[in-house]
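Written below as structure tokens is the structure these notes are about.
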Amino acid sequence: MDIPKRMKAAVLYGFNDVRVEERDVPSPGPDEALVKVNACGICGTDIKVITHGLPNQPPFGDFIIGHEYAGTVAALGDTVDEFQIGDRVTVEIHKGCGRCKNCIMGHYTACLNYGNIGKGHRANGFTANGGFAEYAVNHVNTLYKLPDNISFDESTTITTAGTCIYGIDMAGGYIPGDTVAVLGPGPIGLMSVQLCKALGAGKVILTGTRDERLELGKKLGADYVVDVRREKAVEKVMELTDGLGADLVLEAAGGDTALQEALEMTRKGGKISILAFYKGPITADISIAVRNGINIYTVRGEGRMSVGRSLSLMAQGKITGKPLITHTFPVEEVNEALKTFAERIGGAMKVVVHP
Ligand SMILES: [Zn+2]
Ligand SMILES: [Zn+2]
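Numbering (the working numbering), first residue to last: 1 to 355.
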């Protein structure tokens, strides 16, 4: 494959200052591959990176952002025989150090050496360069071969699906026949609905505020949708479960009252898995959980190879990312793309950038 010396890349110069510039094409280390990026999605975490930053970010002026990307293998490091040049691949964000207790146990999104590049940790688009560029370098651990029936664009939603799978997995993974309430009809919530149905849920109840998203939730398999502007989510879930509450609540809303609602709508002995990040501290009566034997789980991103497992489900048609993608932009218009996503212009949900 002909690899140029220079490439276009979206570089973070300061908070709310993203510039598309020419950069050197990186070269892969021994365990890495060079990926020619075909598509890179925008997610809420990108907006956090741009507006106020995350810990261990590379310095302004050097940092190429973007973490949900897919492309074609263009060059291989010396030791790499897992992939070939020309392979279509999608990426996961977190490459753990591989030497700490959490990494060894598969929980590499909670790597104890998070941000320590010297010890082998990387999170492309967070602590290392990412995918709003024509080329990116990835460790082999973060690459997955893309099945033929999944497009580059669709595969940018795979870390979204991976996060949901990881959240379900950590909560014990027991779904068949159970009632699951999903709070928040954003990309994570809508993916969760599909996954719970694919995993044999009895009833899936989706709650939220936006009509189009709730409507889409129904199309993607939610048995009931609750518009919380018109109905009380807790009351409705209790009504639909004969007063018992949901067996599992997936909290993907992240609002101030979401955890309290989750506590009130979970069955005694049930589980809550928190997939959302909150803007700041929130108040919730945790005694409800203690009194009712409710266990609360959290996940950060997509550990335990959840991206690979999600790809398998996507290839089988059990989940789809296509309806989540509402807009695409060329990388030169990355600022327009970010604005469209952040302000939800034109009902934007997942916005994909093409380098
Ligand atoms: Zn993301
Ligand atoms: Zn680690």
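Virtual Cβ for every residue (Gly too), placed ideally from N, Cα, C.
With respect to the 9 Å criterion, residue 272 and residue 171 are classified as neighbours on the basis of their beta carbons.
Going by DSSP, residue 6 is part of the beta strand (DSSP E) stretching over 6–14. Secondary structure of residue 159 (DSSP, three-state): helix. Following the DSSP letters along the chain, one finds residue 250 inside the beta strand (DSSP E) bounded by residues 246–251. With a cut-off of 8 Å, the C-beta of residue 325 is classified as distant from ligand 1, since no heavy atom of the ligand falls inside that distance.
Judged by DSSP in its simplified three-state form, residue 141 adopts helix. Proximity to ligand 2 was defined by a C-beta distance below 7 Å to any of its heavy atoms, and the residues meeting it, in sequence along the chain, are 96, 97, 98, 99, 100, 102, 103, 108, 111, 112, 113, 121. Note on the region 163–226: whole beta strand (DSSP E) runs with a minimum of 3 residues are 179–183, 203–208, in chain order. Annotation for residue 283: 256, 260 place their beta carbon closer than 8 Å to its own, counting only its chain and skipping 5 residues before and after.
Annotated as distal: residue 160 and residue 91, with beta-carbon spacing of 9 Å or more. When beta bridges are read from the DSSP output, residue 37 appears opposite 71. About 6 Å separates the beta carbon of residue 93 from that of residue 125, a gap short enough to meet the 8 Å contact definition. Only buried fits residue 80, as 16 or more other CB atoms lie within 10 angstroms of its CB. By the Cβ test, the region 60–74 is in contact with the region 9–19, since at least three Cβ pairs between them sit closer than 8 Å. Residue pairing for residue 152: DSSP places it in no beta bridge. In this structure, the CA atom of residue 347 is about 8 Å from the CA atom of residue 326. Taken from the Cβ of residue 53, every heavy atom of ligand 1 lies 8 Å or farther away. These are the residues, in chain order, with a beta carbon less than 6 Å from any non-hydrogen atom of ligand 1: 43, 45, 67, 68, 159. Comparing alpha carbon positions, the residue from 83, 19, 318 closest to residue 194 is 318.
Under the three-state reduction of DSSP output, residue 108 falls in the helix class. With fewer than 16 other Cβ atoms inside 10 Å of its own Cβ, residue 312 counts as exposed. In the assembly as shown, residue 138 is a buried residue. Its beta-carbon has 16 or more other beta-carbons within 10 Å.
For the pair residue 224 and residue 232, the Cα-to-Cα distance works out to about 13 Å. The DSSP-derived three-state label of residue 284 is coil. The alpha-carbon of residue 106 is positioned some 19 Å away from that of residue 174.
Taking a cut-off of 8 Å on C-beta distances, the region 31–44 touches the region 70–85, as three or more cross pairs fall below it. In this structure, the alpha-carbon of residue 176 lies about 7 Å from that of residue 202.
For residue 267, the enclosing beta strand (DSSP E) stretches over residues 266–274.
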